[in-house]
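Chains as they are written, first to last, in my numbering: chain A, 1 to 153; chain B, 154 to 306. Every residue, glycine too, gets a C-beta built ideally from N, C-alpha and C. Only one structure is covered here, and it is reproduced in the block below.
Protein chains: 2
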Amino acid sequence: MPNISQILSHAEASCRQRGTNLTEKRKRVLTGLLQSKKALSAYDLIDYLRVEFDEAPPPTSVYRILDFLSEENLVHKLKLANKYVACSHISCDHAHEVPQFLICDDCGSVAEIGVKKNVINTLQNSVEQAGYLLKSPQLELHCVCQDCAERAA
Amino acid sequence: MPNISQILSHAEASCRQRGTNLTEKRKRVLTGLLQSKKALSAYDLIDYLRVEFDEAPPPTSVYRILDFLSEENLVHKLKLANKYVACSHISCDHAHEVPQFLICDDCGSVAEIGVKKNVINTLQNSVEQAGYLLKSPQLELHCVCQDCAERAA
DNA sequence: GAAATTATGATACGTTATATCATCCACAGT
DNA sequence: ACTGTGGATGATATAACGTATCATAATTTC
Chain A
1 MPNISQILSH AEASCRQRGT NLTEKRKRVL TGLLQSKKAL SAYDLIDYLR VEFDEAPPPT
61 SVYRILDFLS EENLVHKLKL ANKYVACSHI SCDHAHEVPQ FLICDDCGSV AEIGVKKNVI
121 NTLQNSVEQA GYLLKSPQLE LHCVCQDCAE RAA
Chain B
154 MPNISQILSH AEASCRQRGT NLTEKRKRVL TGLLQSKKAL SAYDLIDYLR VEFDEAPPPT
214 SVYRILDFLS EENLVHKLKL ANKYVACSHI SCDHAHEVPQ FLICDDCGSV AEIGVKKNVI
274 NTLQNSVEQA GYLLKSPQLE LHCVCQDCAE RAA
């Protein structure tokens with residue numbers, strides 16, 4: 001696993017290639033997500049920026065930055081948890097299947113898994129039979145991680 | 154499709170059988186969801202109660218009632234949309250597969266579908282391989298309904 | 001170096017949800 | 001009837017998440 005500064009360089013190059021700009025502020029938000037290794041809310045990130053960088057950006061700015069990072073596929077938005085997480089494939093060069101997220105309801109840890117294509121296809125078929133169009137096959141699943149399951153036991 | 158008062162009687166009987174009590178207030182919240190035929194937020198329901206029944210319950214009460222109705226499987230909570238919807242099988246007697254929800258991001262309409270058991274199993278296996286436990290295989294999918302898709306076209 | 005574009009800040013507010021403590025109500029046992 | 005008990009609801013305040021609007025700063029481009 002590459003270290004954070006390598007990931008940042010990679011992300012920066014990727015943005016430049018797409019004609020966008022990974023600014024210092026955007027880098028700091030991304031760094032926060034990479035360091036925490038779990039999903040954070042926008043307000044968690046504001047706290048992080050205050051503590052680590054003595055910044056106090058308004059929510060507006062942080063949400064804008066998170067939107068930007070999502071657009072660049074550096075970060076995923078987890079609607080189910082109202083949180084944001086660094087893409088686990090952030091430093092890969094190849095394209096990926098649509099990510100599926102497992103969110104631990106207890107501790108907030110997030111695992112990103114792939115599922116077989118035919119599962120998604122079956123799902124998509126069911127959706128279309130109901131007269132709907134799937135906007136995004138990105139699933140977010142309520143889970144409990146092993147650590148929390150053991151702690152509870 | 155049974156009418157609303159039939160559904161209410163059925164729900165009331167179901168609660169009684171489980172040793173719980175479908176009070177008038179709870180009935181009115183359920184009625185609101187049944188009438189609207191779509192997902193409503195807790196605050197939508199407060200508005201509904203004010204308009205239809207000249208009540209002004211605090212959010213606390215409405216959330217409590219929604220929790221109760223969820224426990225009784227009369228209502229489903231859609232975390233993805235922060236809304237609540239009457240269970241479409243509310244008046245059936247038989248057990249059901251775990252519901253899957255299609256949420257129109259434009260108009261908020263919700264379809265409830267079943268998916269084949271093996272799809273869920275496959276998913277569950279992937280989750281377990283990642284060291285997580287699936288708390289609920291209830292999926293909520295971001296969709297666009299046919300009406301909205303046509304309107305946009 | 002002025003104009004245009006991009007990025008960020010300030011302020012205020014809207015929406016969703018919960019914490020805490022108080023009150024009401026129905027019903028059981030005496 | 002009296003009372004205690006548990007279930008149900010209300011009142012109040014506030015937390016957490018998110019957005020609208022307008023202003024300002026920084027960067028690029030000509």
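Check: Return the chain-ordered list of same chain residues with a C-beta closer than 8 Å to the C-beta of Val144 of chain A, the five sequence neighbours on each side being excluded.; Outcome: Cys104, Asp105, Asp106 and Ala152
Check: Is it true that the stretch 188-208 of chain B meets the stretch 226-240 of chain B, where meeting means three or more beta-carbon pairs spaced less than 8 Å apart?; Outcome: yes
Check: Threshold first: 4 residues or longer. Then list the alpha helix (DSSP H) segments lying entirely within the stretch 66-134 of chain A, N to C.; Outcome: 117-129
Check: Within 7 Å (strictly less), CB to CB, does Ile4 of chain A reach chain B?; Outcome: no
Check: Against chain B, does Gly131 of chain A count as a neighbour if the rule is that its beta carbon must be under 7 Å from one of theirs?; Outcome: yes
Check: Any beta carbon from chain B within less than 7 Å of Gln206 of chain A's own beta carbon?; Outcome: Because chain A spans 1 through 153 in this model, residue 206 of chain A falls outside it and cannot be assessed.
Check: Whole-angstrom Cβ separation of Val62 of chain A and Val29 of chain A, contact assumed at under 8 Å?; Outcome: 7 Å
Check: For His295 of chain B, which residues does DSSP report across the bridge?; Outcome: B:Ile256
Check: Quick check on Ile199 of chain B - is its C-beta less than 7 Å from some C-beta in chain A?; Outcome: no
Check: When DSSP labels each residue in this structure, what does Leu193 of chain B get in the three-state scheme?; Outcome: strand
Check: Val115 of chain A to Leu139 of chain A, Cα distance in whole Å?; Outcome: 10 Å
Check: Going by DSSP in three states, Ala166 of chain B sits in which element: helix, strand or coil?; Outcome: helix
Check: Residues of chain B with a CB under 7 Å from the CB of His142 of chain A: which are they?; Outcome: Lys288 and Ser289
Check: Helix, strand or coil: which one does DSSP assign to Ser136 of chain A?; Outcome: coil
Check: Just mark Gln253 of chain B as buried or exposed, buried being the case when its beta carbon has 16 or more other beta carbons within 10 Å.; Outcome: buried
Check: Name the chain A residues that come within less than 7 Å of Cys260 of chain B, Cβ to Cβ?; Outcome: What Cys260 of chain B touches in chain A: nothing, since even the nearest Cβ is about 11 Å away.
Check: From Leu198 of chain B to Thr213 of chain B, what does the alpha carbon distance come to, in whole angstroms?; Outcome: 12 Å
Check: Once the 5 residues before and after Glu208 of chain B are set aside, which same chain residues still bring their CB inside 7 Å of it?; Outcome: Leu202
Check: Going by CA-CA distance only, name the one from B:Pro290, B:Tyr285, B:Ser289 and B:Cys301 that's closest to Gln146 of chain A.; Outcome: B:Tyr285
Check: Quick one: residues in its chain with C-beta nearer than 6 Å to the C-beta of Leu141 of chain A, no 5 flanking neighbours on either side, listed in chain order?; Outcome: Leu102
Check: Does Cys87 of chain A have its Cβ less than 7 Å from a Cβ in chain B?; Outcome: no
Check: Can you say whether Ile273 of chain B is buried or exposed, counting buried as having 16 or more other CB atoms within 10 angstroms of its CB?; Outcome: buried
Check: Which residues in chain A sit within 7 Å of Lys232 of chain B, going by Cβ to Cβ distance?; Outcome: Leu80
Check: Just to confirm before moving on: does the CB-CB distance between Ser241 of chain B and Glu225 of chain B stay below 7 Å?; Outcome: no
Check: Whole angstroms is fine: what's the gap from Ser136 of chain A's alpha carbon to Ile243 of chain B's?; Outcome: 28 Å
Check: So, for Gly185 of chain B: in the same chain, excluding its five sequence neighbours on each side, which residues have a beta-carbon less than 6 Å away from its beta-carbon?; Outcome: Leu198 and Tyr201
Check: Could you list which residues in chain A have their beta carbon closer than 8 Å to that of Ala302 of chain B, in chain order?; Outcome: Leu133
Check: If you run the structure through DSSP and keep just helix, strand and coil, what is Pro211 of chain B?; Outcome: coil
Check: Work out the CA separation of Gln282 of chain B and Gln170 of chain B for me, nearest whole Å.; Outcome: 39 Å
Check: Can you give me the Cβ contacts of Gly261 of chain B inside the same chain, cut-off strictly under 6 Å, excluding the 5 residues immediately before and after it?; Outcome: Lys191 and Ala192
Check: Select from B:Phe221, B:His229 and B:Val228 the residue whose C-alpha is nearest the C-alpha of Thr176 of chain B.; Outcome: B:Phe221
Check: Thinking C-alpha only, which one of B:Ile218, B:Phe206 and B:Ile157 is nearest Asn174 of chain B?; Outcome: B:Ile218
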